[in-house]
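A short worksheet on the structure shown next.
Numbering (the numbering used here), first residue to last: 14 to 136.
Pasting the structure below:
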């Protein structure tokens, strides 16, 4: 395993764990930890941004490239994750919305799967 892949894996796992735990803290009223969840989620986002910058520097690329394609890919990822999350909330948190929640979740998964050909291309 290359060094940049290992560093990205470690930082990615740490960032996603902080972000996911923060979102759980915000979304589950039983935990009564909304403000702490916001802080945990923000720490996760910061670690993930640092991961992107560190990985690009380790591979000899510019830190962050902002062009139309990169913005569109990021927007699609954000929208796909939000749609998937809403579908999960519909099935698990809100009562009586199991089937619509499954449909919304599948739409979110399809949006996220669209990222693969956009990022890697079709060969």
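Idealized CB from N, CA, C, for every residue including glycine. Everything numeric in this text was worked out from a predicted model, so none of it was measured.
Look up residue i in the DSSP assignment and say whether it is helix, strand or coil.
i	result
residue 107	coil
residue 78	coil
For residue i and residue j, what's the separation of their Cα atoms in angstroms?
i	j	result
residue 54	residue 118	22 Å
residue 80	residue 43	42 Å
residue 19	residue 85	27 Å
residue 132	residue 78	14 Å
residue 98	residue 74	32 Å
residue 125	residue 89	7 Å
residue 37	residue 52	12 Å
residue 23	residue 56	15 Å
residue 62	residue 14	22 Å
Leaving out five residues on either side along the sequence, give the residues of the same chain with a beta carbon under 8 Å from the beta carbon of residue i.
i	result
residue 58	28 and 32
residue 16	71
What are the boundary residues of the alpha helix (DSSP H) that includes residue i?
i	result
residue 64	47-71
residue 130	128-133
residue 34	16-40
Pop quiz: residue i and residue j are said to be a contact at Cβ under 8 Å. What is the actual Cβ separation, rounded to whole angstroms?
i	j	result
residue 35	residue 50	5 Å
residue 3	residue 121	Residue coverage of the chain in this structure runs from 14 to 136, which leaves residue 3 outside it and unanswerable.
Within a Cβ cutoff of 6 Å, which residues of the same chain sit near residue i, ignoring the five residues on either side of it in sequence?
i	result
residue 114	100, 103 and 104
residue 47	39
Does the ligand SAH have even one heavy atom less than 7 Å from the beta-carbon of residue i?
i	result
residue 133	This structure simply doesn't include the ligand SAH, nor any ligand for that matter.
Any beta-carbon of chain C closer than 8 Å to the one on residue i?
i	result
residue 44	Given the protein chain composition of this structure (a single chain), no chain C is represented.
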